[in-house]
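Numbering (our numbering), first residue to last: 1460 to 1650.
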């Protein structure tokens, strides 16, 4: 007796390419029958006007800082002395509502024009001791910017700014001893 298997009729195995072809044809038919091909579509403007609640919030479309830029443009077009106190107050309003880019631009505009409260505000927004990320456009404190704005205000004889410059120097002296690179860089301004 031998353990040989006698050859019988060959076993037919289905070709996998046939199955793949059937699946592809089925998907194509599904795509053509289930989608609206060439039917009526709403214009893009109509689609954008309707939100989930049925209302469209246009203020969401304004890029950060755009309101401040428009306000500054209006002030410049008036050809009158800049109302720096009003610009600063508008910046404070923007900061309270969380529009930090608009607030920062208005603070910068009024500080650059010499408005002391704006200089102090920009210094405070960058001061490493007073820094709060949720209130600032900056990711982290910028001691050089804080020094720059406090120094400009101090140059006009503003005593709180003189005190802040002194506090920055004390901070930098202490921080440089533990290896803070920003503190060491700031100390170069005091030499």
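Quick reminder that beta carbons are idealized off the backbone N, C-alpha and C, glycines included.
These figures come from a predicted structure and were not determined experimentally.
- Of all C-beta pairs linking the stretch 1609 to 1622 to the stretch 1590 to 1601, fewer than three are shorter than 8 Å, placing the two stretches out of contact.
- Contact check for residue 1629 against residue 1646 fails: the beta carbons are separated by 7 Å or more.
- A straight-line Cα-Cα distance of about 16 Å links residue 1583 and residue 1560.
- In the structure shown, residue 1561 falls within a helical segment according to DSSP collapsed to helix, strand and coil.
- Judged by beta-carbon spacing, residue 1527 lies within the 7 Å limit of residue 1564, meaning their Cβ atoms are closer than that value.
- In this structure, the alpha-carbon of residue 1547 lies about 12 Å from that of residue 1530.
- Within the model, the alpha-carbon separation for residue 1641 versus residue 1604 is close to 11 Å.
- In this model, residue 1540 and residue 1572 are separated by some 10 Å (Cα to Cα).
- Less than 7 Å divides the Cβ of residue 1610 from the Cβ of residue 1624.
- When the Cα atoms are used, residue 1621 and residue 1592 turn out to be separated by approximately 24 Å.
- Contact between residue 1579 and residue 1542 fails: their C-beta atoms lie close to 18 Å from each other, not under 8 Å.
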